[in-house]
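Novice: Mapped onto the working numbering, the consecutive letters of the sequence shown carry residue numbers 2 to 366.
Don't be surprised by glycine CBs; every beta carbon is placed ideally from N, CA and C.
Shown below is the structure under consideration.
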Amino acid sequence: MTEINNSILEMRDLSCQRGGKEVLRVEQFSVNEGETIAVIGPNGAGKSTLLLTLAQLLNPVCGEIRFRGEMISNGDSLALRRRIALVLQDPLLINATVFDNVALGLRFRRIAKKEVANRVDQWLSRLGIAHLRDRRANQLSGGEAQRVSLARALSLEPDVLLLDEPFGALDAPTRARLLEDFQALISELALTMVFVTHDLDEALFLGNQVAVILNGELRQQGPPDDIFTAPLDLDVAAFVGVETVIPGRVIDVKDGHVTVDVGEIQLEAIGEAKLEQPVYMCLRPEDLTLWRRDELPTSSARNLIRGKVTRLMTQGPLVRVVIECGFSVVALVTRTSVQDMDLVEGREIAATFKASAVHMIPRAE
């Protein structure tokens with residue numbers, strides 16, 4: 002990974018163990034001022050371990066953590082904890098009023114009483130829960146409780162805000178409203194934040210950086226476009242929604258255009274490759290356009306494949322269409338398109354996609 006300068010928090014060559022077994026390995030992970038980093042990966046991959054290690058609640062067996070360039074050791078971890086706020090999926094509120102819950106951390110830090118009141122009221126207002134000031138925690142809905150938890154963390158004015166699946170336990174409408182309000186708050190305050198999620202839409206909505214953890218290893222970190230359209234390997238590609246992977250061999254390279262032999266046909270891509278290099282051609286389902294075989298298009302798409310529909314899978318307002326053409330490809334279309342093209346299993350169909358939609362990953366033979 003490339004070095005990232007001016008970081009607030011940074012991990013290097015880090016290993017974490019639980020029960021004597023390595024559960025997280027990080028070569029380098031950096032958090033810069035004003036960044037919102039979404040840490041994604043499947044359940045059990047090591048995402049929460051990363052967050053708890055950043056929060057100094059877990060100690061790595063080796064490696065280093067730096068805060069504003071200074072090495073953090075076990076002896077001075079308390080100083081770092083005071084510059085970080087952590088919000089968990091469970092709000093963990095005490096049996097007291099909303100005001101007292103938000104004030105809790107400030108009182109622990111012996112902030113003056115008047116300043117406590119000012120900060121609490123400010124954050125209750127910012128998070129839209131000022132009207133709940135005197136309500137007790139056990140009388141709150143799930144969304145209200147999580148807003149209180151966020152207000153408690155933000156009132157501490159942390160250098161870095163850490164969140165572990167903070168919206169995961171909420172029902173869909175409550176989650177959508179809180180996400181929208183929180184995104185506006187992030188933009189307004191230019192917060193520096195690391196949040197863990199397994200929801201790719203949430204990661205894209207909030208994050209301006211994405212880090213992918215798979216099988217206990219940080220595999221890729223970068224802007225969302227890089228992660229989702231140019232994954233480094235097949236495991237990352239599969240996790241971020243690349244459903245079509247076509248093995249082939251480069252047979253021509255000219256002016257950034259690459260021709261790949263995939264067996265029965267040749268396909269084109271844009272990128273860097275060497276002649277005779279084995280590659281995987283990766284495509285996201287939304288990048289394929291389907292056509293009836295008797296209505297082949299005149300378009301800018303450089304790639305045309307033909308095959309038969311083998312499976313249709315409804316996904317809300319959309320339908321995943323699996324096509325067999327010597328290799329499998331997956332397209333994502335609307336229900337209306339399925340009806341208009343009379344798509345059923347066994348139907349012959351054509352698909353097009355642009356050379357620029359293809360991401361190539363080197364393949365070992």
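1) With DSSP as the reference, label Q278 as helix, strand or coil.
2) Look at the alpha carbon of V254 and the alpha carbon of E28, and state the distance between them as a whole number of angstroms.
3) I need the straight-line Cα distance from E265 to V241, nearest angstrom please.
4) Under a Cβ-count criterion, where at least 16 other Cβ atoms within 10 Å of its own Cβ denotes burial, should E4 be classed as buried or exposed?
5) Report yes if the C-beta distance between T37 and G144 is below 8 Å; otherwise report no.
6) Among R67, P43 and Q90, which has the Cα closest to the Cα of N7?
7) Going along the chain, which residues of its own chain have a beta-carbon closer than 6 Å to the beta-carbon of I73, five neighbours each way excluded?
8) Taking I228 as the reference, which of R285, Q267 and L179 has the closest Cα?
9) Would a C-beta distance cut-off of 8 Å place T50 and V24 closer than the cut-off?
10) To which residues of the same chain is G20 closer than 6 Å at the C-beta, ignoring the five residues directly before and after it?
11) Which of the three DSSP states is assigned to G144 in this structure?
12) For the stretch 114-121 and the stretch 81-95, state whether three or more C-beta atom pairs, one from each stretch, are separated by less than 8 Å.
13) When the Cα of R293 is compared with those of V345, Q267, H258 and V280, which residue comes out closest?
14) Label I252 either buried or exposed according to how many other C-beta atoms from any shown protein chain fall within 10 Å of its C-beta, with 16 as the threshold for buried.
15) Considering only their Cβ atoms, is the gap separating A270 from V359 smaller than 8 Å?
16) By DSSP, does H132 sit in helix, in strand, or in coil?
17) What would DSSP say about G42, mapped onto helix, strand or coil?
18) To which residues of the same chain is T175 closer than 8 Å at the C-beta, ignoring the five residues directly before and after it?
19) Leaving out five residues before and five after Q184 in sequence, what residues of the same chain have Cβ atoms less than 8 Å from its Cβ?
Specialist: Taking the geometry as given:
1) coil
2) 34 Å
3) 28 Å
4) Unreliable placement is indicated for E4, whose pLDDT of 44 sits below 50; no coordinate value is reported for it.
5) no
6) R67
7) I66 and L81
8) R285
9) yes
10) none
11) helix
12) no
13) V345
14) exposed
15) yes
16) helix
17) coil
18) S142, G143 and G144
19) F206 and L207
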